[in-house]
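Working notes for the structure below.
There are 2 protein chains.
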Amino acid sequence: MNNDGPDFGLRALRAFHAIVKTGSVTAAATAMGLTQPAVSRLLAQFEQTIGFDLFYRDKGRLVPTPDGLLLFDEADLALGTMERVRALARDIADFQVGQLRLVAPPSFAEGVLPDVIDRFLSRFPKVHLTIDSRSVETSKTLIATRAVDGGFLKLPLDRPDLTSVPVANSGTVCVLPIGHPLAARSWLDPLSLKGVPLVLLGLGRLSRSHIDAAFARAGVRPEVRVETHTIGSACALATRGIGVAIVNEMLARSYLGNRLLMRPFRPDLRHEYAFVTSAMVAPPRLALEFLSDAKHYFAQQPKDVLDETAGSPV
Amino acid sequence: MNNDGPDFGLRALRAFHAIVKTGSVTAAATAMGLTQPAVSRLLAQFEQTIGFDLFYRDKGRLVPTPDGLLLFDEADLALGTMERVRALARDIADFQVGQLRLVAPPSFAEGVLPDVIDRFLSRFPKVHLTIDSRSVETSKTLIATRAVDGGFLKLPLDRPDLTSVPVANSGTVCVLPIGHPLAARSWLDPLSLKGVPLVLLGLGRLSRSHIDAAFARAGVRPEVRVETHTIGSACALATRGIGVAIVNEMLARSYLGNRLLMRPFRPDLRHEYAFVTSAMVAPPRLALEFLSDAKHYFAQQPKDVLDETAGSPV
DNA sequence: ATCGGTCCATAAGAAAAGTGTATGGCCGTA
DNA sequence: TACGGCCATACACTTTTCTTATGGACCGAT
Chain A
47 MNNDGPDFGL RALRAFHAIV KTGSVTAAAT AMGLTQPAVS RLLAQFEQTI GFDLFYRDKG
107 RLVPTPDGLL LFDEADLALG TMERVRALAR DIADFQVGQL RLVAPPSFAE GVLPDVIDRF
167 LSRFPKVHLT IDSRSVETSK TLIATRAVDG GFLKLPLDRP DLTSVPVANS GTVCVLPIGH
227 PLAARSWLDP LSLKGVPLVL LGLGRLSRSH IDAAFARAGV RPEVRVETHT IGSACALATR
287 GIGVAIVNEM LARSYLGNRL LMRPFRPDLR HEYAFVTSAM VAPPRLALEF LSDAKHYFAQ
347 QPKDVLDETA GSPV
Chain B
47 MNNDGPDFGL RALRAFHAIV KTGSVTAAAT AMGLTQPAVS RLLAQFEQTI GFDLFYRDKG
107 RLVPTPDGLL LFDEADLALG TMERVRALAR DIADFQVGQL RLVAPPSFAE GVLPDVIDRF
167 LSRFPKVHLT IDSRSVETSK TLIATRAVDG GFLKLPLDRP DLTSVPVANS GTVCVLPIGH
227 PLAARSWLDP LSLKGVPLVL LGLGRLSRSH IDAAFARAGV RPEVRVETHT IGSACALATR
287 GIGVAIVNEM LARSYLGNRL LMRPFRPDLR HEYAFVTSAM VAPPRLALEF LSDAKHYFAQ
347 QPKDVLDETA GSPV
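Written out as structure tokens, the structure reads:
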């Protein structure tokens with residue numbers, strides 16, 4: 047590196063600065079939280095290092111030399127920027143600055159995340175938060191490559207380069223408009239849905255195959271009226287009476303409005319979501335903080351509509 | 047002072063900076079002239095001080111975290127300004143920057159100083175040099191109050207707040223045009239100057255009273271044709287045959303040209319000049335350097351015209 | 001003039017920080 | 001599997017830096 051020129055410590059420069067500012071070694075010492083001899087030595091050593099006197103010793107008092115004043119201006123600047131480094135380090139440590147990039151499924155981002163985000167941002171107002179919605183595979187790649195800091199994905203995960211922490215566990219419900227004949231039942235199963243127009247989503251996704259399997263086991267052919275891809279649209283269709291939507295309960299709640307209601311679907315198909323980060327390295331601290339908020343949020347959410355309506359049908 | 051925030055050393059910051067720049071602890075260590083464990087420790091300690099990780103430990107390699115990169119930019123700046131402080135300190139030590147303000151009598155500044163200045167400035171090209179000519183009293187005050195760093199004054203000095211170092215010792219000569227009748231003599235005294243038109247200077251100054259006293263002792267009334275105030279003008283008058291000038295020999299040399307010559311004046315009235323600084327504090331280093339050049343200059347000047355023409359008259 | 005207070009410098013021992021050598025773990029590659 | 005590069009830790013040693021104690025110089029006041 048640059049090895050020319052005198053090499054002095056930060057403390058020495060600070061001592062010099064403080065002496066000029068306060069006008070005496072003693073005052074500088076108290077200002078720095080040191081004893082007077084310590085500062086005296088610091089100064090003496092600093093002067094010896096740079097090779098010229100910073101102060102006249104005038105009857106025991108220190109008076110800056112022209113050289114000293116010349117150096118002081120520059121030292122003032124340098125200490126200022128050092129102070130900025132310290133301040134920045136503190137801010138980073140306190141999450142006063144920073145950036146967090148996450149991915150989450152659209153329904154997750156629309157439904158449950160806003161509350162978590164609200165809490166998170168109130169804790170870290172200065173943090174820049176980004177939440178994208180991508181396809182599942184893209185999300186996994188983004189997380190694994192650390193193009194984003196983390197994200198919410200549905201379990202199970204098939205990739206070893208991802209680390210997951212389960213945060214939410216939801217059942218499956220049927221969403222139907224108020225007044226629908228089946229609304230009288232406290233729960234629904236494939237048999238009870240025989241011939242009933244359905245709105246299903248996620249053709250090709252794992253959760254969808256579970257539904258299909260449940261119907262198959264019951265010997266019922268599902269009357270799929272519409273295939274869609276977001277819970278929001280499925281609920282919108284259900285609202286208009288186009289069909290009964292069979293969806294993730296937790297995510298459906300946000301879209302119920304006042305014209306829809308839920309009834310548990312049986313068998314109990316579970317949807318488990320996890321906060322996922324790259325397995326390569328430790329997740330960013332902000333990601334952990336966000337995860338903490340997410341856990342907190344889910345911890346105080348009603349577990350399941352099944353719990354609320356536990357009991358026998360009608 | 048500001049005691050909040052993490053306090054880390056310059057070495058730690060430099061180590062962090064070097065690691066990011068070189069990409070590895072090992073490379074940073076060689077760049078800093080340290081061993082790898084030393085830098086490793088420095089980094090570990092730095093991270094502990096600021097409270098968050100600067101690098102991912104990815105399979106044994108260090109990869110900067112976003113936080114680390116954030117801090118790096120600021121650290122880069124700070125180290126840059128620290129480098130500027132070091133450079134300035136070095137320049138000050140090497141007299142690559144600085145200012146020297148002196149005072150000197152006009153004839154001094156015109157006659158002998160240019161050579162000294164030449165030498166001084168060739169040694170310290172970047173130094174800003176100021177030389178003023180003021181009245182003797184003003185000069186003393188300027189020096190004593192350190193409004194200027196030093197100056198050349200004629201001895202003796204009557205003030206205890208000034209420190210003087212004799213640098214030049216000159217005799218008194220008569221300056222007369224070539225072909226003047228008295229040029230035949232190898233020296234002149236009041237008696238030989240009886241009735242000869244004279245050009246004298248410094249009415250009221252100490253040296254003038256010495257000349258008057260010499261004439262008085264010889265019982266000769268000086269035939270003063272012109273009173274003037276600078277040696278330059280006295281010589282100019284002498285050139286035109288207006289009168290014989292009795293002046294400081296050393297200072298007169300610069301004004302002789304090719305139409306004047308000097309003859310020692312007897313009695314031998316000495317003019318002693320000293321480099322004067324404030325007695326309150328040590329003189330600035332640049333003043334001492336200038337003094338050194340002045341001494342060097344006078345050391346290789348012919349001592350006195352008396353020495354050259356030592357011998358008997360005619 | 002002497003005394004008390006202030007200020008700076010130095011000495012000496014103690015505490016802290018920094019450094020080098022040695023060593024071990026981890027990973028990628030031959 | 002062995003080797004080489006990289007990082008972290010352990011331990012002993014050196015250097016720096018701190019505090020306490022002390023002395024000298026100066027100023028103002030009694």
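Here the protein sequences line up with chains A and B, keeping their order. So the first sequence is numbered by this note's numbering: it starts at 47 and just counts up by one. So the second sequence is numbered by this note's numbering: it starts at 47 and just counts up by one. Ideal Cβ placement from N, Cα and C applies to all residues, glycine included.
Check whether the Cβ atoms of residue i and residue j lie closer than 8 Å to each other.
| i | j | result |
| --- | --- | --- |
| Gly144 of chain B | Val322 of chain B | no |
| Ala325 of chain B | Met128 of chain A | no |
| Ser216 of chain A | Met296 of chain A | yes |
| Lys362 of chain B | Glu273 of chain B | No information on residue 362 of chain B is available, as it lies outside the stretch 47 to 360 that chain B covers here. |
| Val162 of chain B | Pro110 of chain B | no |
| Arg271 of chain A | Gly289 of chain A | yes |
| Met78 of chain B | Val71 of chain B | no |
| Ala58 of chain A | Ala74 of chain A | no |
| Leu228 of chain B | Val245 of chain B | no |
| Asp195 of chain A | Arg147 of chain A | yes |
| Arg331 of chain B | Gly51 of chain A | no |
| Leu237 of chain B | Val266 of chain B | yes |
| Lys186 of chain A | Leu208 of chain A | yes |
| Leu89 of chain B | Leu117 of chain B | no |
| Ala61 of chain B | Ser210 of chain B | no |
| Glu156 of chain B | Ser300 of chain B | yes |
| Ala214 of chain A | Phe311 of chain A | no |
| Arg305 of chain A | Ile224 of chain A | yes |
| Gly126 of chain B | Leu56 of chain A | no |
| Ile177 of chain B | Leu203 of chain B | no |
| Asp113 of chain B | Ile277 of chain A | no |
| Pro313 of chain A | Ala262 of chain A | no |
| Val173 of chain B | Tyr102 of chain A | no |
Return the bridge partner residues of residue i from the DSSP annotation.
| i | result |
| --- | --- |
| Glu269 of chain A | A:Pro243 |
| Glu335 of chain A | DSSP, once it has assigned bridges, lists no residue as partnering Glu335 of chain A. |
| Glu376 of chain B | Any property of residue 376 of chain B remains undetermined from this structure, which presents chain B solely from 47 to 360. |
| Phe311 of chain A | A:Leu234 |
| Gln145 of chain A | A:His174 |
| Ala291 of chain B | B:Val221, B:Val245 |
| Leu108 of chain B | B:Arg103 |
| Leu306 of chain A | A:Pro223 |
| Leu208 of chain A | A:Ser324 |
| Thr274 of chain A | A:Leu247 |
So is the beta-carbon of residue i under 7 Å away from any non-hydrogen atom of the ligand ATP?
| i | result |
| --- | --- |
| Met308 of chain A | With respect to the ligand ATP, the structure shown offers nothing to examine, as it has no ligands at all. |
Determine the extent of the alpha helix (DSSP H) in which residue i is found, giving its start and end residues.
| i | result |
| --- | --- |
| Asp161 of chain B | 159-169 |
| Arg103 of chain A | Not the alpha helix (DSSP H): Arg103 of chain A falls in the beta strand (DSSP E), residues 101-104. |
| Val187 of chain A | Looking at the sequence provided, one finds Thr at residue 187 of chain A rather than Val. Taken as a continuous stretch (DSSP letters only), the alpha helix (DSSP H) holding Thr187 of chain A covers 182-190. |
| Pro83 of chain B | 82-96 |
| Ser255 of chain B | 252-264 |
| Arg57 of chain A | 56-68 |
| Ala77 of chain B | 71-78 |
Assuming residue i is part of the beta strand (DSSP E), what are its boundary residues?
| i | result |
| --- | --- |
| Phe198 of chain B | 196-200 |
| Asp113 of chain B | Premise fails: Asp113 of chain B lies in the alpha helix (DSSP H), 112-139, not in any beta strand (DSSP E). |
Determine, using beta-carbon pairs with one atom in the segment 92-105 of chain A and one in the segment 144-153 of chain A, whether at least three such pairs fall under 8 Å.
-> no
Near-chain B residues of the segment 127-146 of chain A - C-beta to any C-beta below 8 Å = Thr127, Met128, Glu129, Arg130, Val131, Arg132, Ala133, Leu134, Ala135, Arg136, Ile138, Ala139, Val143, Gly144, Gln145
Within 7 Å of chain A by C-beta, residues of the segment 235-256 of chain B in sequence order = none
With a cut-off of 8 Å, do at least 3 Cβ pairs link the segment 220-227 of chain A to the segment 282-299 of chain A?
-> yes
Contact residues within the segment 321-343 of chain B, judged by C-beta distance below 7 Å to chain A | Met326, Val327, Ala328, Pro330, Arg331
Output, in sequence order along the chain, the residues in the segment 205-223 of chain A whose CB is closer than 9 Å to any CB in chain B.
-> none
Using a Cβ-Cβ cut-off of less than 8 Å, list which residues of the segment 60-86 of chain A approach chain B; keep chain order.
-> Arg60, Ala64, Ala77, Met78, Gly79
Determine which residues of the segment 87-103 of chain B have a Cβ less than 7 Å from any Cβ of chain A, and write them out in chain order.
-> Ile96, Gly97, Phe98, Tyr102
Chain-ordered residues of the segment 104-125 of chain A with a beta carbon less than 8 Å from chain B | Asp104, Val109, Thr111, Pro112, Asp113, Leu116, Leu117, Glu120, Ala121, Leu123, Ala124
What residues in the segment 280-300 of chain A bring their beta carbon closer than 9 Å to a beta carbon of chain B?
-> none
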